[in-house]
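With the numbering used here, the residue at position 123 of the sequence shown is 322, and numbering never jumps.
This report refers to the structure that appears directly beneath it.
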Amino acid sequence: NAVEVASTLCSVAVKAGARIFNLLSVEDVVIREADRVSGLVLNWSAVSTANLHIDPLAIRSKLVIDATGHACEICHLVTEKLGGKLRTATGKIIGEKPMWAEIGEKEILGNTKEVYPGLIVAGMAASAVFGSPRMGPIFGGMLLSGKKAAQIAMELLK
Numbered sequence: 200n201a202v203e204v205a206s207t208l209c210s211v212a213v214k215a216g217a218r219i220f221n222l223l224s225v226e227d228v229v230i231r232e233a234d235r236v237s238g239l240v241l242n243w244s245a246v247s248t249a250n251l252h253i254d255p256l257a258i259r260s261k262l263v264i265d266a267t268g269h270a271c272e273i274c275h276l277v278t279e280k281l282g283g284k285l286r287t288a289t290g291k292i293i294g295e296k297p298m299w300a301e302i303g304e305k306e307i308l309g310n311t312k313e314v315y316p317g318l319i320v321a322g323m324a325a326s327a328v329f330g331s332p333r334m335g336p337i338f339g340g341m342l343l344s345g346k347k348a349a350q351i352a353m354e355l356l357k
């Protein structure tokens, strides 16, 4: 039951201390020395929906994890606005391949990594960045990818 899985994951994460910010959009990345990703520029989703001109909020962080799904939105910002070279075979977002769940599940952990200084990619965003097949409604690889992204983040923060 996909709804039960998602709601349980959110509940357990919040009980462990995570803070979930709902209805926010990422407008940009914050960069510092050597174009390292050092945070995000956020705005309420309703602001863009209503076409209002309200200044966004910049939040700083030591690392950012792009788990935005098929769109890999944060990686797109890095390549489009910074001209950043990702750690892929082409230096760009390769784009996800059509569905082949078995291969996608096998490749997702290898694709979960720091793809640009300060930016880790996970889940379907990782599959899209590295050109792997989409996986369909399978949670196993996605959960393992999230776990690996957290482990990479903890290692980089030491």
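The beta-carbon is built from N, C-alpha and C at its ideal position, and this holds for glycine as well.
* **Limits of the beta strand (DSSP E) - the one that Lys312 falls within** => Segment 312-315, the beta strand (DSSP E) holding Lys312.
* **Heavy atom of the ligand ADP within 7 Å of Ala325 beta-carbon** => Summarising the ligand content, the structure contains no ligands, and the ligand ADP is consequently not present.
* Asked: When DSSP labels each residue in this structure, what does Leu276 get in the three-state scheme?
  -> Here Leu276 sits in helix by DSSP.
* Asked: From Ile345 to His252, what does the alpha carbon distance come to, in whole angstroms?
  -> First, the residue type needs correcting, since residue 345 is Gly and not Ile in the sequence shown. Cα-Cα distance, rounded: 34 Å.
* Between the region 233-246 and the region 257-276, are three or more C-beta pairs nearer than 8 Å? -> Flag = yes, the region 233-246 and the region 257-276 touch.
* If we count Cβ pairs, one from each stretch, closer than 8 Å, do we get three or more for the region 279-290 versus the region 332-352? -> In this structure the region 279-290 does not touch the region 332-352; the number of beta carbon pairs closer than 8 Å is below three.
* To do: Go ahead and pull the three-state DSSP assignment for Gly238.
  => In the displayed model, Gly238 falls within a strand according to three-state DSSP.
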